[in-house]
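Counting from 1, one number per residue, gives the positions in the sequence shown under UniProt numbering.
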Amino acid sequence: MKTPLTEKLSSGLDGLISFFSPCAGLKRRMYREAIKVTKSFSSYRGASRDRLRSSWMPGGGSADADLLPELKDIRERSRDLNRNDAHASGITSTMTVNVVGSGIRPQSRIDRDELGLGEEEAAKFQKDAERVWKRWIPYADAGRRMDFYEIQQLVDRQILENGEALIVPMMIEDPSRPYRTALQVIESDRLDTPSDKRGDKSIRAGVRIGEKGEAVSYFIQKTHPGESRIAKSGDKEFMEIPAFNEYGRRNVFHLYYVLRSGQTRGVPFFAPVLSYFKDLGEYAEAELVAARIAACFSLFVTSEASMDVSAGGVYERNPSGQFIESLEPGMIKHLMPGESITSFNPQRPGSSFEPFVDRILKAISAALGLPYELVAKDFSKTNYSSARAALLEARRYFRMRQEWLAQKFCQPVWDMLLEEVYLKGEISAETFYEKRQRWTGASWIAPGWEWVDPLKEAQAAEVGLRNGIVTYSDLYAQDGKDWEECFEQRKREQEKMKKLGLEVQDENKAKEKQKNTGEENEEDSGGGKKPNGNAD
1 MKTPLTEKLS SGLDGLISFF SPCAGLKRRM YREAIKVTKS FSSYRGASRD RLRSSWMPGG
61 GSADADLLPE LKDIRERSRD LNRNDAHASG ITSTMTVNVV GSGIRPQSRI DRDELGLGEE
121 EAAKFQKDAE RVWKRWIPYA DAGRRMDFYE IQQLVDRQIL ENGEALIVPM MIEDPSRPYR
181 TALQVIESDR LDTPSDKRGD KSIRAGVRIG EKGEAVSYFI QKTHPGESRI AKSGDKEFME
241 IPAFNEYGRR NVFHLYYVLR SGQTRGVPFF APVLSYFKDL GEYAEAELVA ARIAACFSLF
301 VTSEASMDVS AGGVYERNPS GQFIESLEPG MIKHLMPGES ITSFNPQRPG SSFEPFVDRI
361 LKAISAALGL PYELVAKDFS KTNYSSARAA LLEARRYFRM RQEWLAQKFC QPVWDMLLEE
421 VYLKGEISAE TFYEKRQRWT GASWIAPGWE WVDPLKEAQA AEVGLRNGIV TYSDLYAQDG
481 KDWEECFEQR KREQEKMKKL GLEVQDENKA KEKQKNTGEE NEEDSGGGKK PNGNAD
C-alpha cells in the first residue's frame, strides 16, 4: 500500500505528464487503475483486502501470543456463563454426565503371554488389582471431600469451564488411609508467573518451558488469588513443582486439549461462543422485561382532586434523591394535575423470537460439536431416526473425550497405585519394573447410555453376536458393565435357580422355542404357503 507522500508524488507526476501529453497522461492513469484492480484480487478470496474485507485484520501471533494475554478474561467469562446462563450451564452438565457419569472404571488387562503367567495366576493378579482399586476409591482426594469418580467429574468440568485441569499427586502418611497415594485438584488460577520472574522468557503463564517445548516445572500459588480478602499474610507465595521427579513419575497432571502446536495453556470450551451466549442472554432478558411490562394493565388517574393524593405518593425517592417510577400488575396510580401518560403495547415476545433463538442455539451447537437437540434439550421436532442420528453423533464425541480422559489421567493414576501396592507386597509381580506396562494394562469402562428403542437395539446386538461383528465384551462395555462380572453373576444366578428347583432357561432352547412359536402363529393367521409354493 502506498504512503500518502508517495501517492501525492505519483499524482503530481501524472498531472505534469498530462500537461505536456494528454494522451500519455491518460494511458498512465488507466494503467495505474488497472494495477490497483489486479492487486485487489487474490488466489484465495478469503485473503482479499478489498473494501468489504479491509477491516478483517487477524493477528499472526503464536499459540501462546494469541491466547495467554486474553486467557484470564476468557476463563472468567466462561465461569460466569456457567453460573448465570441457563443454556451454558446445561451444556456443561450434559457433557459431564455423558462423559464421566458415575465414573470411568478400570478392568485389569495384563499381557499374560508376555509375562509368562498361567491363566489362573493372571486372573488372580487382575482380581487383586481391581480389589485394591475399589478399596482406594473413597480415599483418592487429599482433602477427603471426594472419591475418585467425583474427582473425574470435577476434572472434566474444570476442563470445560477453565480449559484445563491441574492435579497434583501426593503421598500422605495417614493411618486411616489404606494407601498413601492421593490427589489434590488445583484451580488453574493458581498457576501463574511470580512477579519477580516476569522477565524470564522461559516461563509462560506459570509454566517453565524446556528447549523442546516440554513443561519443565509449574509455578503454583499457595492460595487462590481471589482469596485476597481472607488470605493470611504470606499466603501469596509460589512453589515451583518439577513436572517429573527423579524416577520419571509425574508430579503434576496438567490436562488440556492442544489445539495449536506450542500451546502452553488450555482454551475454555465456550471460547468460540462467549459472545453468542452473552448476546442471546441479554436479548432474552429484554424480551422478558418487555413481556412483563405488557402484562401490567395499570390505570392512571389525573384530576384536580388528586393533588393531595399524588403529592404524597407519586414522587417517591431513593436514598440518593432520585425519583422512583415503577409498574406492577393491576396498579392504580394518581398523577399530578397537568401530567399525562402515553401507553404502548410492545407485543412481546414477538413471532420471530423463538426462530431467532433456535438459530443462535444451532450456531452454538455447531461450534461446540454437539447436536442442537442436546444443546436446547428439545426433541420435539425429531422422530426416531433423527433422534438416534443426533445421539449417535454426540456419543462419538463423548466417547472420544472418555478415552482421552482415561489415557491422560485415569491410567497414570492406576499405574501409581499399583506401584505403591507392589512395593507394599500386596500383589505379586516379580518383574513389575522391568515390564511395568504389561502389569499395569487396563481397559477403562465408561458409563453406558440408554437405548432409544430397546427392542431394536437388542435385536441388532443379537445379530451382531451371531455374525461375529461384536463380542460380549463390546456389548457390556456399551452399558458400562464388566463382562466378566456379568458372566460370574449369571453363573451365580443359574446355580441358585437350580438349587431352588427353578427352571434354568437355555438360550438355544429359548431361541428354538421362539422360532417354532413364530411359525405356528404364522400358520394360524393364514400366512401359510399356497399349493404352488408361492407365499400370499
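The beta-carbon is built from N, C-alpha and C at its ideal position, and this holds for glycine as well.
Exercise for review: Work out the CA separation of residue 351 and residue 157 for me, nearest whole Å.
Suggested key: 36 Å
Check your understanding: Excluding five sequence neighbours on each side, which residues of the same chain lie with their C-beta closer than 7 Å to the C-beta of residue 129?
Key -> 108, 418 and 427
Point to revise | Pairwise C-alpha distance: residue 99 and residue 87 | key: 18 Å
Check your understanding: By DSSP, does residue 255 sit in helix, in strand, or in coil?
Key -> strand
Exercise for review: Counting only the same chain and skipping the five closest in sequence on each side, list residues whose C-beta sits under 6 Å from that of residue 105.
Suggested key: 445
**Study point:** Buried or exposed by the 16-neighbour rule on C-beta atoms within 10 Å, applied to residue 396
**Key:** exposed
**Study point:** Per-residue burial, residue 234 [other beta carbons within 10 Å of its own, 16 or more giving buried]
**Key:** Interpretation of residue 234 is limited by its pLDDT of 49, a score under 50 that renders its predicted location unreliable; no figure is taken from the coordinates.
Exercise for review: Could you tell me if residue 354 is buried or exposed, where buried requires 16 or more neighbouring beta carbons within 10 angstroms of its beta carbon?
Suggested key: exposed
**Study point:** Length-filtered (4 minimum) alpha helix (DSSP H) runs lying within the stretch 118 to 151
**Key:** 119 to 136
Exercise for review: Have a look at 286, 474 and 375 and flag the residue whose alpha-carbon is nearest the alpha-carbon of residue 448.
Suggested key: 474
Review point. If we count Cβ pairs, one from each stretch, closer than 8 Å, do we get three or more for the stretch 267 to 274 versus the stretch 74 to 84?
Key: yes
Review point. Since residue 413 is in the alpha helix (DSSP H), which residue starts that stretch and which ends it?
Key: Residues 411 to 424.
Check your understanding: Since residue 63 is in the alpha helix (DSSP H), which residue starts that stretch and which ends it?
Key -> Following the DSSP letters along the chain, one finds residue 63 inside the alpha helix (DSSP H) bounded by residues 63 to 84.
Check your understanding: Mind checking residue 312: buried by the 16 CB within 10 Å criterion, or exposed?
Key -> Residue confidence is low: residue 312 scores 49 on pLDDT, short of 50, so the model does not pin down where it sits. Its coordinate-derived value is still stated next. With fewer than 16 Cβ atoms within 10 Å of its Cβ, residue 312 is classed as exposed.
Point to revise | Three-state class that DSSP yields for residue 472 in the structure shown | key: helix
Review point. In angstroms, rounded to a whole number, what distance separates the CA positions of residue 493 and residue 501?
Key: 12 Å
Exercise for review: Closer than 7 Å by C-beta to residue 213: which residues in its own chain qualify, once you throw out the five before and the five after it? Chain order, please.
Suggested key: 262
Practice item. Give, in chain order, every unbroken run of the beta strand (DSSP E) that is at least 3 residues long and sits entirely within the stretch 144 to 222. Key: 165 to 171, 181 to 186, 207 to 209 and 215 to 221
Review point. Secondary structure at residue 364, three-state DSSP: helix, strand or coil?
Key: helix
Check your understanding: Terminal residues of the continuous beta strand (DSSP E) containing residue 432?
Key -> In this chain, residue 432 is not harboured by any beta strand (DSSP E), its DSSP state being neither H nor E.
Point to revise | One or two residues paired with residue 238 in a DSSP bridge | key: Answer is 221, bridged to residue 238.
Review point. Taking the alpha helix (DSSP H) that residue 243 falls in, what are its first and last residues?
Key: First-last for residue 243: undefined, no H or E at that position.
Exercise for review: Determine the contact status of residue 274 and residue 81, defining contact as a CB-CB distance below 9 Å.
Suggested key: yes
Point to revise | Own chain residues within Cβ distance below 6 Å of residue 18, not counting five before or after | key: 25
Practice item. Look at residue 162 and residue 53 and say whether their C-beta atoms are less than 9 Å apart. Key: no
Review point. For the stretch 236 to 251 against the stretch 216 to 224, are there 3 or more C-beta pairs whose distance is under 8 Å?
Key: yes
Review point. Using CA coordinates, which residue listed in 196, 357 and 120 is at the minimum distance from residue 284?
Key: Among 196, 357 and 120, the Cα nearest to that of residue 284 belongs to 357.
**Study point:** Selected residue, minimal CA-CA separation from residue 57, among 63, 65, 64 and 47
**Key:** 47
**Study point:** Helix, strand or coil at residue 105 [DSSP, three-state]
**Key:** strand
Practice item. Check each candidate in 94, 187, 208 and 188 and name the one with the smallest Cα separation from residue 197. Key: 208
Practice item. Under 8 Å by Cβ, that's how I've got residue 141 and residue 183 pegged, so tell me the actual separation to the nearest angstrom. Key: 6 Å
Practice item. Mind reading off the beta-carbon distance from residue 206 to residue 193? Whole number of angstroms is fine, and I expect it under 8 Å. Key: Contact check for residue 206 and residue 193: beta-carbon distance about 5 Å, within the 8 Å limit, so the pair qualifies.
Exercise for review: List the endpoints of the continuous alpha helix (DSSP H) containing residue 56.
Suggested key: Note, residue 56: premise wrong, no alpha helix (DSSP H); not H, not E.
Check your understanding: Do residue 287 and residue 371 have their C-beta atoms within less than 9 Å of each other?
Key -> no
Check your understanding: In the DSSP assignment, what residue or residues form a beta bridge with residue 439?
Key -> Residue 439 is not bridged to any residue.
Check your understanding: residue 495 CB to nearest chain C CB: under 9 Å?
Key -> Protein chain content of the structure displayed is limited to a single chain, and chain C is not contained in it.
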